[in-house]
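Step one of this worksheet: look at the structure below.
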Amino acid sequence: MPIFIRLSHALLLGVLAVLGACGGTVSGPGTSVPEVKLPDGVVTVPPTPGPTQLMGVYSVIAGTQELLSIATPSHEWYAVYFENPVSATPSIFSGTVTLGAGGAATIDTLRAFQVSKSPAPLVGKANILGATLSSYNFTASAITSAANNTLSFTSNALDAATYNLSNFAGYGDVQGTPSWQGTWYDGITSNQTTLRLTPTGTVTSVTSLNYCDLTSLALQPLVSANMFKVTLHIPISGVGGICLRTKDRPNGVDFNGIAVIYKSGLAGKSWRMDLIAVDSSGSGISFRGDR
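Note that the numbering used here has the sequence shown beginning at 10, numbered continuously upward.
This is the structure in structure tokens:
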């Protein structure tokens, strides 16, 4: 059985001292140090990679394209991809991250809601490398109707002056006035609106998107990160029309997701909210607003 031996500095000095006493040479000016051979079976054990860390709000912007992603403490991952903000609603991605070690992670079931490519959510897989609280590399495959199509990017965390992951998320960050001025997206259409929330994170008036009633929307601060848990139930009864999301769903449809608030880059605005919520299939809605 191999024996694992580690020689401390003091022990090594002791070995050299014995060699000197026995007529060997000892290190010093103009002298040589005898070769000290370790016994057979001694091996060098490489350090064990630490667990992968991936949590926070990350963003990558290239020209008019933007991909904002949120990694939660419970290892859920959400993203909105503004491929062409002028003429199209953003694609919505979601999945559960399996953390490995040394910056590696996977999303074994990545759901992509890209209406421009498919009316129903598509399923793929994502590999993540080099993940830290500062950045990560992401590659997803088979998430469009073309099986060989991939989505690949390197994303950096929002800087600490824009968003602080460790800050306490409170209802005061989202409720009251001024209201959030922004746009709801559901992959089919968009609706510019004013969103006002109560001191308990619920909406103050009837809110709808594409005839779907969003009035039950609720935000709840997370304890472990500067984020808000999002819940929403869309009932079968529409607002002024038929909500296609509840077709063949007599009990309505439930959504879960995440929301974050960070400093806005718009002139005259202080804060921005990004909200993403998906149903069990990965079909989703999102909101981006500033105040």
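For each residue, glycine too, the CB sits at the ideal point set by N, CA and C.
Determine the contact status of Leu76 and Tyr90, defining contact as a CB-CB distance below 8 Å. Yes.
Rounded to whole angstroms, what's the CA-CA distance from Asp299 to Ser68? Just pull it up for me. 17 Å
Between Thr53 and Thr61, what straight-line distance do the alpha-carbon atoms span, to the nearest angstrom? So the alpha carbons of these two residues sit roughly 24 Å apart.
For Asp182, does the three-state DSSP call read helix, strand or coil? Note: Asp182 maps to helix in three-state DSSP.
Trp280 versus Ser100 - alpha carbon distance: Answer to the nearest angstrom: the Cα atoms are 23 Å apart.
Distance check for Leu160 and Arg120, CA to CA, integer angstroms please. Roughly 13 Å separates the two Cα atoms.
What first and last residue would you give for the beta strand (DSSP E) that runs through Met282? 280 to 287
Integer-rounded CB distance, given that Asn265 should sit under 8 Å from Thr240: About 6 Å separates the beta carbons of Thr240 and Asn265, which is inside the 8 Å limit, making them a contact pair.
Reduced DSSP category for Leu76 - H, G, I as helix; E, B as strand; rest coil: Leu76: strand per DSSP, three-state reduction.
Considering Cα atoms alone, identify which of Pro259, Leu275, Thr202, Val248 is closest to Thr189. It should be pointed out that residue 189 corresponds to Trp in this sequence rather than to Thr. The shortest C-alpha separation from Trp189 is found at Thr202.
Pick helix, strand or coil for Arg254, following the three-state DSSP scheme. helix
Flag this pair as yes or no: are the beta carbons of Leu228 and Phe237 separated by less than 8 Å? yes
Tell me which residues share the same chain as Lys272 and place their Cβ nearer than 8 Å to its Cβ, disregarding the 5 neighbours each side in the sequence. Ala170, Thr171, Tyr172, Ser279, Trp280, Arg281
With DSSP as the reference, identify every bridge partner of Asn265, one or two as the case may be. Thr240, Val287
In the structure shown, what three-state DSSP assignment does Pro130 receive? DSSP places Pro130 in the coil class of the three-state scheme, outside both helix and strand.
Tell me, please, which residues DSSP counts as bridged to Val2. There is simply no residue 2 to check, as the chain begins at 10 and stops at 300 in what is shown.
DSSP three-state call for Ser233: helix, strand or coil? coil
So what's Thr57 in DSSP terms, helix, strand or just coil? DSSP places Thr57 in coil when its eight states are reduced to three.
Taking only the alpha-carbon atoms, compute the straight-line gap between Ala156 and Ala129 and give it to the nearest angstrom. Caution applies to Ala156, whose pLDDT of 48 falls short of 50 and renders its modelled position unreliable; the value that the coordinates give is listed next. Their backbone Cα atoms lie some 15 Å apart in a straight line.
Mapping DSSP to helix, strand and coil, what is Tyr172? coil
If Ile243 sits next to Ile267, beta carbons under 8 Å apart, how far is it from one beta carbon to the other, in whole angstroms? Wrong, their Cβ atoms sit about 18 Å apart, outside the cutoff.
From which residue to which residue does the beta strand (DSSP E) around Tyr87 run? In the DSSP assignment, Tyr87 falls within the unbroken beta strand (DSSP E) covering 85 to 91.
Which listed residue (Ala166, Asn200, Gly247) has its alpha carbon closest to that of Ile79: Closest option to Ile79, Cα to Cα, is Ala166.
Own chain residues within Cβ distance below 8 Å of Ser290, not counting five before or after: Arg120, Ala129, Pro130
Of the listed residues Ala178, Gly210, Asn146, Gly181, nearest to Ser164 (C-alpha basis): Asn146
Just reading off the beta strand (DSSP E) that Asp117 is part of, what are its end residues? 114 to 122 is the span of the beta strand (DSSP E), which, as asked, contains Asp117.
May I have the straight-line CA-CA distance separating Ile137 from Ser144, to the nearest angstrom? 10 Å
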